[in-house]
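Read through the structure below, which is laid out as structure tokens, and then see the notes.
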Amino acid sequence: MRIGEMVRRTGVSERLLRYYEEQGLLAPTRLPSGYRVYTDTDVDTVRRIRTLLAAGLPTTTIAQVLPCVRDDGSALAPVCSDVVAELRRERERITHAIKDLQTSRGILDTVLAAGPANSGQAVQPPQPAGRCQP
1 MRIGEMVRRT
11 GVSERLLRYY
21 EEQGLLAPTR
31 LPSGYRVYTD
41 TDVDTVRRIR
51 TLLAAGLPTT
61 TIAQVLPCVR
71 DDGSALAPVC
81 SDVVAELRRE
91 RERITHAIKD
101 LQTSRGILDT
111 VLAAGPANSG
121 QAVQPPQPAG
131 RCQP
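Numbering (the working numbering), first residue to last: 1 to 134.
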């Protein structure tokens, strides 16, 4: 199938398909004219890529784990032991990022709680940088 059909079947833009190819995640065959030709297997590969991206994995990690991840119909499942270790490292990275974001949100909540909106005062419209009115 050509790229337009691939876009229709996967819901992924042409630009993203080309990006996946650049990243080594997808390898469509090429016609002598240069047109890309995709297979049903490529459709499945794009779905696995999208799932791994939604899980928070960067494309560099996806390139490493994609060959060792199968779709069992309801979820992706690793089939290589070294992939399990890599996925656990990524999970730990995401856990740390979540903790950092929670800390940031807490700080922002403190700033907002101290603001005029919580003291009954009217909130002033934003001022140009360097010109804050109390």
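All C-beta atoms, glycine included, are put in the ideal place defined by N, C-alpha and C.
A check of alpha carbon separations from Leu-17 across Asp-44, Arg-89, Pro-32 identifies Asp-44 as the nearest.
If you draw a straight line from the Cα of Thr-29 to the Cα of Asp-40, it is about 13 Å long.
Counting only residues of its own chain and dropping the five nearest sequence neighbours on each side, Ser-13 has a CB closer than 8 Å to the CB of Val-7. Judged by DSSP in its simplified three-state form, Asp-100 adopts helix. Cβ neighbours of Ala-77 within its own chain (closer than 6 Å, five residues either side excluded): Arg-70. Judged by beta-carbon spacing, Ile-3 lies beyond the 8 Å limit of Gly-56, meaning their Cβ atoms are not closer than that value. Within a 10 Å sphere around the beta-carbon of Asp-100 sit fewer than 16 other beta-carbons, which makes this residue exposed.
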